[in-house]
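Each residue of the sequence shown is one higher than the one before, starting from 52 at the first, in my numbering. Single-structure report; data block below.
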Amino acid sequence: MVDLSKLTAGKNLTEVEDGVLRYIIDHMDSMLKMGVRGVAKENFTSTSTIMRLTKKLGYSGFVDMYYKLLPLVNRARDNEDAGMQFINSFCSNSLLKYNSYEDIREFARRLGRLANGYVFLYATGFSAIPVEYLTKKLLVLGIKCIYSNGMDSIGVFENNLENMKMLIVVSRSGETDWVADRVKTARENGIFTVSFTNEAENRVSSITDMQFRIEDSNKLDDRNMMANTFFPNVFMLMELLIYEYHKVLQNMDKKEE
52 MVDLSKLTAG KNLTEVEDGV LRYIIDHMDS MLKMGVRGVA KENFTSTSTI MRLTKKLGYS
112 GFVDMYYKLL PLVNRARDNE DAGMQFINSF CSNSLLKYNS YEDIREFARR LGRLANGYVF
172 LYATGFSAIP VEYLTKKLLV LGIKCIYSNG MDSIGVFENN LENMKMLIVV SRSGETDWVA
232 DRVKTARENG IFTVSFTNEA ENRVSSITDM QFRIEDSNKL DDRNMMANTF FPNVFMLMEL
292 LIYEYHKVLQ NMDKKEE
């Protein structure tokens, strides 16, 4: 979809003119064939309204407006196609089989509503690797984060509960006691909890507010010695979450303009 905010800023378009412009953007493929009269007829207005719109936007006429708008529309369509290709790349594996895309969007929206709160991220063992990665990714985006793993004192977690708005944990098995204990404490303190675990029913996912499940092809491989796509897919899912968060940021920027 073409962002018209910059195109129309300061132009003082009427409601009718704004509607005509949106109609033109949505029907660019047939604009030249329709002509000024055709566009006016479809919008129940006059040809003078169309010509007044072109002048307000700084174009010399209807045809000039068409050829100046065409590249903008094509770029917007290319961006939409690229976005769909990015999302569709996740459909080739099991990520969207076990996870609702609405949950992915809701996670991104919650990040956008954090304000001055912190995100606390916790995991142990191999699961700490994607958690550390996500922490750095969020910090780059300006989100305040605290990362902790099994080597840290419980005080790192308990002494930051007051400012904690979200707890994110990764537990491949979903049965790690230290992870479950932190989730329980967070929920008792009204903190929103998010878990990344394997796809089977497990203790951690059952007690978190939002659950992301990733297929684990070797659930009995406790020492993570065998080849497994669990951790690569955790990274993939995290990138999809970040992708949706960028869209949240874009919407926030539009509202501020």
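Ideal Cβ placement from N, Cα and C applies to all residues, glycine included. These numbers were taken from a predicted model, which means no experiment stands behind them.
Query - Same chain, Cβ closer than 8 Å to I146, neighbours up to 5 away in sequence not counted - result: One-based indexing of the sequence shown puts residue 146 at position 95. Reading off the sequence shown, one finds Leu at residue 146, where the question assumed Ile. These residues qualify, in order along the chain: I265, N284, M287, L288 and L291.
**Report entry** Extent of the continuous alpha helix (DSSP H) to which F158 belongs
**Finding:** Counted from its first residue, the sequence shown places residue 158 at position 107. Y152 to G163 is the extent of the alpha helix (DSSP H) around F158.
Query raised in the report: What do you reckon, are the CB atoms on G281 and R233 nearer than 8 Å?
Result: The residue given as residue 281 occupies position 230 in the sequence shown. The residue given as residue 233 occupies position 182 in the sequence shown. In the sequence as displayed, the identity of residue 281 is Phe instead of Gly. It is not a contact, given that the beta carbons lie outside the stated cut-off.
Requested in this report: Would you check if there are 3 or more beta carbon pairs closer than 8 Å linking the stretch 226 to 245 to the stretch 181 to 196?
Outcome: no
**Report entry** Residue burial classification, Y198 (beta-carbon count within 10 angstroms, cutoff 16)
**Finding:** On the sequence shown, residue 198 is found 147 positions in, with the first residue counted as 1. When all chains shown are included, Y198 counts as buried.
Query - Rounded C-alpha distance that separates T98 from A91 - result: Locating residue 98 in the sequence shown gives position 47, counting from the first residue. Locating residue 91 in the sequence shown gives position 40, counting from the first residue. The straight-line gap from Cα to Cα measures roughly 5 Å.
Report task. Go through the stretch 231 to 265 residue by residue and report every complete run of the beta strand (DSSP E) that reaches 3 residues or more, in order. Result -> 243 to 249 and 261 to 265
Query raised in the report: Between L83 and the rest of its own chain, which residues show a CB-CB distance below 8 Å, the 5 nearest in sequence each way excluded?
Result: Position 32 of the sequence shown, counted from the first residue, corresponds to residue 83. Here the set comprises V114 and Y117.
Query raised in the report: So, using beta-carbon positions, are M217 and V255 closer together than 8 Å?
Result: Start at 1 with the first residue of the sequence shown, and residue 217 comes out as number 166. Start at 1 with the first residue of the sequence shown, and residue 255 comes out as number 204. No, Cβ-Cβ distance for M217 and V255 is not below 8 Å.
Query - Where the beta strand (DSSP E) through G216 begins and ends - result: Numbered from its first residue, the sequence shown carries residue 216 at position 165. Per the sequence shown, the amino acid found at residue 216 is Lys instead of Gly. Unbroken beta strand (DSSP E) run through K216: M215 to V221.
Report task. Pick helix, strand or coil for N200, following the three-state DSSP scheme. Result -> Along the sequence shown, one-based indexing puts residue 200 at 149. Here N200 sits in strand by DSSP.
Requested in this report: Tell me F171's beta-bridge partners as DSSP assigns them.
Outcome: Translated into positions along the sequence shown, residue 171 becomes position 120. DSSP lists I197 and L218 as partners of F171.
Report task. Note the first and the last residue of the continuous alpha helix (DSSP H) segment covering F177. Result -> Counting from 1 along the sequence shown, the entry for residue 177 is found at position 126. No alpha helix (DSSP H) holds F177; DSSP gives it neither H nor E.
Query raised in the report: In three-state terms, what does DSSP make of T98?
Result: Here residue 98 refers to the residue found at position 47 when the sequence shown is read from its first residue. Helix at T98.
Query raised in the report: Going along the chain, which residues of its own chain have a beta-carbon closer than 7 Å to the beta-carbon of T100, five neighbours each way excluded?
Result: Position 49 of the sequence shown holds residue 100. Same-chain partners within the cutoff: V67, E68, V71 and A91.
Query raised in the report: Secondary structure at R274, three-state DSSP: helix, strand or coil?
Result: As a working note, residue 274 is residue 223 in the sequence shown. Three-state DSSP puts R274 in coil, outside helix and strand.
Query raised in the report: Once you ignore the five residues that flank M215 on each side, which residues in its own chain have a CB closer than 6 Å to its CB?
Result: The sequence position of residue 215 within the sequence shown is 164, counting from 1. The answer, listed in chain order, is Y169, F171 and I242.
Query raised in the report: Start and end of the alpha helix (DSSP H) containing F86?
Result: Reading the sequence shown from its first residue, position 35 is the one you call residue 86. It should be noted that the sequence gives Gly, not Phe, for residue 86. Here the alpha helix (DSSP H) through G86 covers M82 to E93.
Query raised in the report: Buried or exposed: where does D228 fall if 16 or more other Cβ atoms within 10 Å of its Cβ makes it buried?
Result: By 1-based counting over the sequence shown, the position of residue 228 is 177. That one is exposed.
Query - Own chain residues within Cβ distance below 8 Å of D273, not counting five before or after - result: Within the sequence shown, numbered from 1, the residue matching residue 273 stands at position 222. Only S224 meet the Cβ criterion.
Query raised in the report: Where does F141 sit, in a helix, a strand or coil, going by DSSP?
Result: Here the question's residue 141 lines up with position 90 in the sequence shown. Legend: pLDDT at F141 = 49, less than 50; position of this residue unreliable, value from coordinates given subsequently. Here F141 sits in coil by DSSP.
Report task. Check whether the Cβ atoms of Y294 and L192 sit closer than 8 Å, and answer yes or no. Result -> As a first step, residue 294 must be located in the sequence shown, where it is residue number 243. As a first step, residue 192 must be located in the sequence shown, where it is residue number 141. Their beta carbons are not under 8 Å apart, which means Y294 does not touch L192 by this criterion.
Requested in this report: Could you tell me how far apart the beta carbons of L121 and M79 are, in whole angstroms, since I believe they sit closer than 8 Å?
Outcome: Walking along the sequence shown from the start, residue 121 turns up at place 70. Walking along the sequence shown from the start, residue 79 turns up at place 28. That belief holds up - the Cβ atoms of L121 and M79 are roughly 6 Å apart, short of 8 Å.
Query raised in the report: If you drop the 5 nearest sequence neighbours on each side, which residues of the same chain put their C-beta closer than 6 Å to that of R161?
Result: Counted from its first residue, the sequence shown places residue 161 at position 110. Correct list: empty, nothing qualifies.
Query raised in the report: Between the C-alpha atoms of G163 and E213, what's the straight-line distance to the nearest angstrom?
Result: Start at 1 with the first residue of the sequence shown, and residue 163 comes out as number 112. Start at 1 with the first residue of the sequence shown, and residue 213 comes out as number 162. Cα to Cα, the separation comes out at about 19 Å.
Query raised in the report: In terms of alpha-carbon separation, which member of L300, S81, Y110 and L165 lies closest to T59?
Result: Translated into the one-based positions of the sequence shown, residue 59 becomes position 8. Closest option to T59, Cα to Cα, is Y110.
Query raised in the report: Leaving out five residues before and five after N279 in sequence, what residues of the same chain have Cβ atoms less than 8 Å from its Cβ?
Result: Numbered from its first residue, the sequence shown carries residue 279 at position 228. These residues qualify, in order along the chain: D267, S268, N269 and D272.
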